[in-house]
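Listed in order, the protein sequences are those of chains A, B and C. Using the working numbering, the first residue of the first sequence is number 1, and each one after it goes up by one. Using the working numbering, the first residue of the second sequence is number 1, and each one after it goes up by one. Using the working numbering, the first residue of the third sequence is number 1, and each one after it goes up by one. Following: one structure in structure tokens, then a few remarks.
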Amino acid sequence: MLNIKINGQSIQAEAGKTVLQVAKEHDVHVPTLCYHKDLNPTGNCRMCIVEVKGGRFLQAACVTPIWEGMEIETSSEKVMKDRKLTLELMLANHPVDCMTCDVAGECELQDLAYEYKAEVPAWGAKGTRYKADSDPNPFIRVDMNKCILCRRCESACAEIQGRNVWGVAKRGFDETMVTGAGVPMLEARCESCGQCVAYCPTGALSNKMNYGMARAHQVKKVTTTCSYCGVGCQFDLLVKNNKVIGVSSNPNAPVNGMALCVKGRYAYDYIHHPERVKKPHVRRYLLEGNAKPIVNRKSEIQNPKWDWVETEWDVALDIVAKKFGELRKDFGADSIGLLTSAKCTNEENYLMNKLARQVVGTNNIDHCARL
Amino acid sequence: MKNKNNAYHPISPEIEELARAHEYQPEAALEVLKEIQTRHSTLTTEAITDTARALKLPPHQLYGMATFYSMLSLEERKKVLRVCDGPVCWLKRSSKGSDQSSVISNWSSMVDGQWSVERTSCLGLCDRAPAVLVEDEQAGPVEIGDAKKVCKGWRGVPTEYSKVRKGETRVMTALIGKIDPDSIDDALANDVYSGLKSALQKESIAVLSEVESSGLQGRGGAGFPVGRKWRFVASEKRTPRYIICNADESEPLIFKDRVLMDTNPHQLIEGMTIAGYACGASEAWIYIRGEYESQARRLENAITQAKEKNLLGAKILGTEFSFQIHVHRGAGAYICGEETALIESLEGKRGEPRLRPPYPPTSGFRGQPTAVNNVESFCAVPHIMKNGADWWRNLTGASTPGTKMYMVLGHVKNPGLFEAPFGLTLREIIKKFGGGMQTGSKFKFALCGGAAGTIVDKNMLDIPIDFASSQKGISLGAGSFLICDQSVSPVAFLRELLHFFAAESCGKCTPCRVGTWRSLEILDRMAAGKGQKGDTDELKTLAALMQDSSFCGLGQSVPIPMNSVITHFGAEFAKVEN
Amino acid sequence: MSNSMDDVAKHAQTFFIIGSNTTEQHPVFGTMIRRAVKYRGAKLIVADPRKIDITEIATLHLRQRPGTDIALINGLMYIILEKGWEDKTFIDERCENFDEFKATVMEYPPEKVAEITNIPVEQLYETAEIIATSKPTAVIWAMGITQHIVGVRNVMDLANLQMLLGNMGVPGGGVNPLRGQNNVQGACDMGGLPNVFPAYQPVTNPEVIEKYGTAWGLKVEGLKGEGENLQPATFQLSNRIGMTVTEMMPGILEGKTKLLYILGEDPVMSDPDTKHIRHCLEELDFLLLQEIFPSETSVYADVLLPGVTFAEKTGTFTNTERRVQIVRQAIPTQGDARNDWWITAEIAKRVLNIRMKDEGGRMNENAPYASWNYKDASAIMDEINALVPSYGGVTHTRLEAGERLQWPCPTKDHPGTPILHTKQFTRGKGKFMPIDHISPAEKPDDDYPMLMSTGRVIYHWHGGQMTRRAKGIMEVYGEALIEVNPDDAIKIGINGKTHIRVTSRRGMIEAKAWVTDRVPPGMIYANFHFPAASANELTHAALDPTAKIPEYKITAVKVELA
């Protein structure tokens, strides 16, 4: 254990930790932008600078390890002034469009600018340097004008997704984030997992599918489990006006943390697809008490007895139950088969098992585990 | 449908071949890109992507490099003529009434269609200003009027240093003009490599102690004790350990390493080999800036000769010590002079500085213990080995042991390079070594150290300069002094420096990336006489931010000239604020 | 999975991935492996005929001839035994039947294996050395191993390998099949199988029959103590093993199957030999389908009941590592769609009523779980807690409180079980099984000279009912693509054309060719996401004799220009 002081308070802390880690553990607020707890710290943005007694320069808390006897000031006048100015250097070239920006309300840059009462300088490009929405990726909206070059997208793509699509190009003031050899994302072998969006602290990378649909404060987040593969990722469904308008990473997800795949994050719009079946459907012959017509794809179109009729639940359920009863009586319990679903819940599968075994009296139950 | 996977492209056979020639080493990325560019005059998206595939690197990394190093280009270029945009060349041209901003177009209009003309940050040819780089050949001094001649092969007349200036103490420069630098026999006949021989007769720990007790300080500018650095490396348990020579001499005003390598390459090789022996390293790299092609070739030739004489390679001179030296060419980036950026670049990446700690002696090249030293530092070592630490300490009367390479430039009668004791004053440098101010010139200010040094006025002419004198406001840096007379506007001059720093900022951290750019924007209008109220204050504010909060030494030292010039010449800045 | 994903990602020194396109089919676990390989320096062996994405970072990529996995695994074990790399202590203390097993393995010397598998002998040695010396090795597989007529044998042989190396019951090791669907694990756990009750309790076991019969209020032979509270019941459980899906379908044509109740599945897209499946469904007396979308299968349904998506329901899913996680309702059910559990319960209640009336039969209504009156999903879970031992302690309350539970979790205070078999195997000792290589059911011949494997792509899900209705997904991957090797593309004469026709003994599809060296010459790869060109028009229902899984991975086909 090392003895250090933060803002005059004596603290014992584990060797090897950074100033930022120790500060967080002791509820000392140090602002960050390029830092994210999941990613290797890079020290790029210089927001987390602190004053260390005896040091010639201010130190970035996220990458500075503590040492014995270290004395740290996290909000001295110099520190506060430099942080504010650094923010203003970012804002000079950042568009002043929080009114219409998709991520307003969940933008780390906006939060800090507010916290530090930063003033938007009169000089600077103000978001006119790059084409907005510059990439054709159908899920990810790219607006490099809003980029503050924190490089979290690069780190997330490399360290979380292991894909290395994002990187840095050019240098100095011209520096910009790129995908692949300066090609569109998909050509750069982007898997559209959206990790870069999840980690972007500004609106430089945002989600295209729900662009303009809701402000952060208008959205209800419901944590749930993904319905695609067997990995079992958890995430938050974003709900506005009883509609799912998006998916966002939930850092506390047990299996996946912030990581998701393209389907989990972006293939949710089927939920409100107009083709959803919304009423029980029964073939006309069943309602009219006729025999089942010969079914094949051709006659389906031609035979009006095979038309779908939308009915109330009781009608449909009674028809179903009657068929179960008749066929069971005529051909025995084992003439009935149930295919339960690997997409449904445990509770639903349990009931299917109970229906087959308790109600019908057959073990003819299976599902698509093999397929 | 956008599924671009649909298109199948095997890696181009040419790139596959190149990659194989480099044994598919990711570190060879820069070399492969340079080779492709040489062959095809450009780097296409396809070529970059294929190279990445062949070397199993992310394409963005190679694209990042292709757009980072100034010698690489995505644009198709013909034969390239690079016109130096450094402050010394600027001074030369502006004193002849030429406007720097029109230099490129002037050159373009003078050369035929086979040539692409572009600006480049300082070429390290300050003693040959105004300078240009013709493909990979250094030329200077050449004026625009010489353009046709230059295209036909004229390269100007290089400065000659065989004549010893009065007051010089020549150690590292002792053999200038006395040997053919391309002949190892000449070198051997003049006692080069005897330092190595004497080192190899000692235990490596004794060699280390000798260097330590000599008090040799690093000559790159920071003055860190060389022996202590080597001790760190030698005491690391992990192997392999590496030696790297920083020959990325890219700071405006500095060209001493070029002269040292050009005039006596074996001295450097000898010094590095001794370093390897002392540190327990067996492999070394000379990271030389890409603009020093002829020096790189000279070094390669010297290495070949040294190997033939068993002064390098396996079991040197019959001992158990083996040592290899490779020459690695940079591709145009000032930041690569920062040792961790240099290491990144050597590993085949963008030359961006690394987080420190860990420092290179603990975790440097390939994450292994690494000693990075300047050319001049290595060149001093053989002499210490040969003559002993005491000799070095007592070589001059100055408190800092040994000699130093100095460069004096600008409005003095006799600009150039000399070797002398530490502790000279600016007045001595100008009068004694520079031959005094040019006729009609009156001293106004000097930029001391290098581009990131202090700008001083006449009140500081008599302060002895060494590594410690920066405390008093005058820096030694890498030992260069640009003397400016009454014709030079400090505002315009600072603009030139910021123009350089903004062009060379790597872009990693916010204060330097935006701070240099914004400072330049302000200085542009101030230099044009169109400054605005509060401009000087804003410069000061930006300087304070860059100094306190930048990621690396580049951003932290930009404020040094900014602050010093505003301190001394605040009135001139105020004058252009309207 | 015997181990957790997080565990193998953190602790495996070597990953041996065979028959799993992990980064595309289990993408987030795939990224965990990528991270382990790239940043932790774990070794990675990928055995797959295709150059799938994860091979890019592999230490070694073995491109075995499809259908030769057993020869490969035996060959590796031969080398391990030859070099003495086996874990003798583990074999002695935890396993049995080693000698018989060894005798079989000894029939697979590397040269012979190289001939069968087309993998060079040096690669076999390299692989064996890596998996045997950089331990623990986690073996990971998916449908590439199981969808063969030798699926079960493949799995057993991989278990042999892990026992031989002592990689069972240790962090970073284990046998780790990746389950495809989000809740395929749960569907199996909950008794969605013809041979077992929930928690794999055999339907043939009288004790189990008694347990469920009693709980569900059914007639149980020899049950004592029928008193005031226990009304005698007449309905009873069947102790005959039921039919699998791959048996029920052909059973229709044999007159065995009359009624199918399908919950959220699309057999026309997902079952082998589509033409045959269509024919079966046409002949079925009554098809009840519960779905969220009209599907290829709904064409044949007599009644279609609207269920809901995961966003509209509450319940639990069990992932591939036996982790039970909560699903929360985020939006109201759409239209007049109802919760799937409600629909099933309503059917159950009505069928019971009819049976009671028709048969004059009855149930013991006082039995604890005879009733179908569930208030919500949590109430169903209460019943599961009582009747499914491994889920005994998995309650909604605990999950809502943020507890992380992997079954077995028998009691309310049990913390769950991240790694199985740490002390002993379920059956006690691990039994080595001698496994021989058997050739695939269908091999390329003169008429059908190429081999087709099937599977999914990263952008789509199974029969595509959901992902084909996701707009962005369709922009990126909007039609079926068939992977064709560049050499074959030249032979076929693709040369700038786009579409190919693929024919098998059972059917024909036309689709766009993706010329790529992902597939080796002589092999194509097709998916079953798009009705217009579903690979299952071509596949056949050659089944593994035990698991009844179809051999999707090997179909003989002919490929021409369309």
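Yeah, the Cβ is synthetic: ideal placement off N, Cα and C, and Gly gets one too.
Taken through DSSP and simplified to helix, strand or coil, C/E93 comes out as helix. In this structure, A/F235 places its C-beta atom within 7 Å of the C-beta atom of A/V247. Counted as a single uninterrupted DSSP element, the beta strand (DSSP E) harbouring C/T316 occupies residues 315-318. For C/V113, the nearest beta carbon of chain B is not closer than 7 Å to its own beta carbon.
The DSSP-derived three-state label of C/T22 is helix. Sequence-ordered contacts of the region 8-19 of chain B with chain C read Y8 [C-beta pairs closer than 7 Å]. Counting only runs of 4 or more residues that sit fully inside the region 307-395 of chain B, the alpha helix (DSSP H) segments are 339-346, 375-387, 389-393, in chain order. Residue-level contact by beta carbon holds for A/R171 and chain B, with a gap shorter than 7 Å. Close partners of C/H26 in chain A (Cβ separation under 8 Å): C229, G230, V231. When only Cα atoms are considered, A/F173 and B/S70 end up about 15 Å apart. If you draw a straight line from the Cα of C/I482 to the Cα of A/D269, it comes to about 26 Å. A residue is called buried once 16 or more other Cβ atoms fall within 10 Å of its Cβ, and A/W67, having fewer, is exposed. Separation of B/S475 and A/R129 (C-alpha to C-alpha, rounded to the nearest whole angstrom) is 39 Å. Taking a 10 Å sphere around the C-beta of A/K354, we find 16 or more other C-beta atoms and assign the residue as buried. Within chain A, the residues whose beta carbon sits less than 8 Å from that of B/S549 are R46, I49, F57, L58, D82, T86, listed in sequence order. Less than 7 Å divides the Cβ of B/L409 from the Cβ of B/C126. Spatial neighbours of B/S441 in its own chain (CB-CB distance under 6 Å, excluding positions within 5 residues in sequence) are listed in chain order as H411, D485.
Of the residues C/N176, C/P272, C/T234, C/R518, the one whose Cα lies closest to the Cα of C/E247 is C/P272. Around the beta carbon of B/H40, fewer than 16 other beta carbons sit within 10 angstroms, so the residue counts as exposed. It is roughly 19 Å from the alpha-carbon of A/C153 to the alpha-carbon of A/K263. When Cβ-Cβ separations below 7 Å define contact, C/E282 makes contact with chain A.
Per DSSP, reduced to three states, the secondary structure at B/P421 is strand. B/V211 and B/F224 have their C-alpha atoms roughly 13 Å apart. Not a single CB atom of chain A sits nearer than 7 Å to the CB of B/Q532.
Considering only A/C193, A/F324, A/G212, the residue with the shortest C-alpha distance to A/T100 is A/G212.
Against chain A, a Cβ distance below 7 Å from C/P198 picks out Y350, N353. Not one beta carbon of chain B lies nearer than 7 Å to the beta carbon of C/V150.
Taking C-beta atoms as the reference points, A/C147 and A/C196 fail to come closer than 7 Å. Distances from the CA of A/C193 to each of A/K221, A/A92, A/V168, A/S206 were compared; the closest alpha carbon is that of A/S206. Of the residues assessed, C/T426 falls on the exposed side of the cut-off, its CB having fewer than 16 other CB atoms within 10 angstroms. A/G182 has a beta carbon lying within less than 7 Å of a beta carbon in chain B. When C-beta distances to chain C are compared with 8 Å, the residues of the region 333-350 of chain A below that value are A333, D334, S335, I336, G337, L338, L339, T340, S341, A342, K343, C344, T345, N346, E347, E348, N349, Y350, in chain order. Cβ contact annotation for C/T23 (same chain, cutoff 8 Å, sequence separation greater than five): G30, T31, I33, R34, I52, D53, I54, I458, in chain order. The C-alpha of B/V259 lies about 14 Å from the C-alpha of B/S480.
With respect to B/P511, A/T74 sits apart: the two C-beta atoms are not nearer than 7 Å. Linking C/W85 to C/M106 through their CA atoms gives a straight-line distance of about 15 Å.
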